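A.B. asks:
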């Protein structure tokens with residue numbers, strides 16, 4: 001009764017190249033569009049998780065280990081597993097539909113989301129989101 | 001608890017199944033505990049009813065279901081149940097008792113996210129199909145509009 005596939009919801013991709021990766025819904029299209037007549041959403045996720053950082057690491061090593069590779073994808077609702085977690089990162093201004101139409105726009109959008117996700121990881125919040133799902 | 005025994009051995013070879021499973025029931029993860037607890041609670045609630053009372057309430061569930069079939073809107077089957085939960089149209093989900101545990105946990109998780117009641121039907125998919133008046137097996141169904149029936153108000157009370 002409560003709509004839960006909303007922007008900010010953390011989901012796990014089930015199919016495709018990024019199966020098993022965690023992502024956050026940036027924009028949802030519940031009723032679909034003319035090109036995609038099914039419920040789908042635009043997600044921004046983690047392609048490469050940051051490695052585990054320990055106290056012994058030097059600053060250079062910490063910086064190298066905290067790197068995140070992000071991806072953007074339009075994905076069908078059936079290929080997504082919603083979770084009870086949310087990630088409130090403001091990605092609406094960088095990630096939009098037309099940024100996925102051309103290669104260089106997508107690359108710049110990915111770089112921006114990578115920066116935002118990395119700074120969120122460094123604060124230590126949303127730890128579940130940045131840990132790899134073991135399966 | 002049933003859940004850990006099937007999780008590790010049976011489904012690790014199926015990528016998507018295993019993914020869903022790890023979301024729901026990984027014992028060392030925070031969210032897994034919740035998923036496991038949730039399923040455990042759900043199973044416990046339908047176990048120990050005195051025999052006479054169980055028979056009476058199953059009859060009334062069947063009556064209410066028949067009324068929904070006649071006058072209301074519903075969908076049958078796993079894919080449409082998930083779809084109805086995703087677009088928040090479903091109001092009550094009924095699952096047969098021989099539903100595979102992974103599928104049952106997944107539907108319960110979606111229902112928990114959408115704050116929709118889940119009723120574990122006292123019968124297998126053959127019985128649930130018969131209760132719906134169909135000649136095929138029904139493992140799970142979702143009631144979208146109860147019509148004249150009071151199934152939404154009365155049934156989640158005993159779950």
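Chains as they are written, first to last, in UniProt numbering: chain F, 1 to 135; chain P, 1 to 159. By construction, the Cβ of each residue, glycine as well, lies at the ideal position given by its N, Cα and C atoms. It should be emphasised that the depicted structure is a prediction, and the values quoted were computed from it without experimental measurement.
In three-state terms, what does DSSP make of residue 114/P?
C.D. replies: As a working note, residue 114/P is residue 114 in the second chain. Note: residue 114/P maps to helix in three-state DSSP.
A.B. asks: Run down chain P in chain order and give the residues with a C-beta less than 7 Å from the C-beta of residue 2/F.
C.D. replies: Reading the first chain from its first residue, position 2 is the one you call residue 2/F. Result: 88, 114, 115.
A.B. asks: Given a cut-off of 8 Å on the beta-carbon distance, is the pair residue 48/F and residue 22/F in contact?
C.D. replies: For this step, residue 48/F is matched to residue 48 along the first chain. For this step, residue 22/F is matched to residue 22 along the first chain. Result no, Cβ atoms of residue 48/F and residue 22/F do not sit closer than 8 Å.
A.B. asks: Indicate whether at least one CB of chain F lies closer than 8 Å to the CB of residue 73/P.
C.D. replies: Along the second chain, read from residue 1 onward, the residue named residue 73/P stands at position 73. Taking Cβ atoms only, chain F never reaches closer than 8 Å to residue 73/P, which makes this a no.
A.B. asks: Around the Cβ of residue 13/F, are there at least 16 other Cβ atoms within 10 angstroms (buried) or fewer (exposed)?
C.D. replies: Counting from one through the first chain, the residue named residue 13/F turns up at place 13. It is buried - the Cβ of residue 13/F has at least 16 other Cβ atoms within 10 Å.
A.B. asks: How would you label residue 86/P, buried or exposed, when you count the other beta carbons within 10 angstroms and need 16 or more for buried?
C.D. replies: By 1-based counting over the second chain, the position of residue 86/P is 86. With 16 or more other Cβ atoms within 10 Å, it is buried.
A.B. asks: Grouping DSSP H, G and I as helix and E and B as strand, with all else coil, what is residue 31/P?
C.D. replies: One-based indexing of the second chain puts residue 31/P at position 31. Caution is warranted here: a pLDDT of 46 is assigned to residue 31/P, below 50, making its placement in the model unreliable, and the coordinate value is therefore given only provisionally. Helix, per DSSP.
A.B. asks: Spell out a yes or no on whether the region 24-41 of chain F and the region 86-97 of chain F are touching, meaning 3 or more CB-CB pairs, one atom from each, closer than 8 Å.
C.D. replies: yes
A.B. asks: Considering only the alpha carbon of each residue, which of 57/F, 77/F, 55/F, 19/F lies closest to residue 41/F?
C.D. replies: Within the first chain, the letter at position 41 stands for residue 41/F. Comparing Cα-Cα distances from residue 41/F to each of 57/F, 77/F, 55/F, 19/F, the minimum goes to 77/F.
A.B. asks: What distance in whole Å lies between the Cβ atoms of residue 11/F and residue 83/F, which are believed to be in contact at a cut-off of 8 Å?
C.D. replies: As a first step, residue 83/F must be located in the first chain, where it is residue number 83. As a first step, residue 11/F must be located in the first chain, where it is residue number 11. About 6 Å separates the two Cβ atoms, so the contact holds.
A.B. asks: Determine, for residue 50/F, whether the minimum Cβ-Cβ distance to residues of chain P falls below 8 Å.
C.D. replies: Residue numbering aside, residue 50/F sits at position 50 when the first chain is read from its first letter. Cβ-Cβ to chain P under 8 Å: no for residue 50/F.
A.B. asks: Taking a contact to mean a Cβ-Cβ separation below 8 Å, would you say residue 93/P touches residue 111/P in this structure?
C.D. replies: Taking the first residue of the second chain as position 1, residue 93/P is located at position 93. Taking the first residue of the second chain as position 1, residue 111/P is located at position 111. In this structure, residue 111/P lies closer than 8 Å to residue 93/P by Cβ.
A.B. asks: In the DSSP output, what is residue 129/P paired with across the bridge?
C.D. replies: Taking the second chain and counting its residues from 1, the one referred to as residue 129/P is at position 129. In the DSSP output, where bridge partners are listed per residue, residue 129/P has none listed.
A.B. asks: Could you tell me whether the Cβ of residue 82/F comes closer than 8 Å to any Cβ of chain P?
C.D. replies: Looking up residue 82/F in the first chain gives position 82. It does: the Cβ of residue 82/F has a partner Cβ on chain P nearer than 8 Å.
A.B. asks: Going by DSSP in three states, residue 49/F sits in which element: helix, strand or coil?
C.D. replies: Locating residue 49/F in the first chain gives position 49, where the first residue counts as 1. Reduced to three states, the DSSP call for residue 49/F is coil.
A.B. asks: Taking Cβ to Cβ, would you say residue 123/F is nearer than 8 Å to residue 91/F?
C.D. replies: Residue numbering aside, residue 123/F sits at position 123 when the first chain is read from its first letter. Residue numbering aside, residue 91/F sits at position 91 when the first chain is read from its first letter. Against a cut-off of 8 Å, the Cβ pair of residue 91/F and residue 123/F comes out as no contact.
A.B. asks: Given a threshold of 16 other Cβ atoms within 10 Å of its Cβ, counted over all protein chains shown, does residue 63/P qualify as buried or as exposed?
C.D. replies: Taking the first residue of the second chain as position 1, residue 63/P is located at position 63. Exposed is the call here.
A.B. asks: CB residue 122/P to CB residue 98/P, shorter than 8 Å?
C.D. replies: Start at 1 with the first residue of the second chain, and residue 122/P comes out as number 122. Start at 1 with the first residue of the second chain, and residue 98/P comes out as number 98. The Cβ-Cβ distance between residue 122/P and residue 98/P does not fall below 8 Å.
A.B. asks: Is it buried or exposed, residue 37/F, if we count other Cβ atoms within 10 angstroms and call 16 or more buried?
C.D. replies: Numbered from its first residue, the first chain carries residue 37/F at position 37. With fewer than 16 Cβ atoms within 10 Å of its Cβ, residue 37/F is classed as exposed.
A.B. asks: Looking at chain F, is there any beta carbon in it that lies within less than 8 Å of the beta carbon of residue 91/P?
C.D. replies: As a position in the second chain, residue 91/P is number 91, starting the count at 1. Closer than 8 Å: yes.
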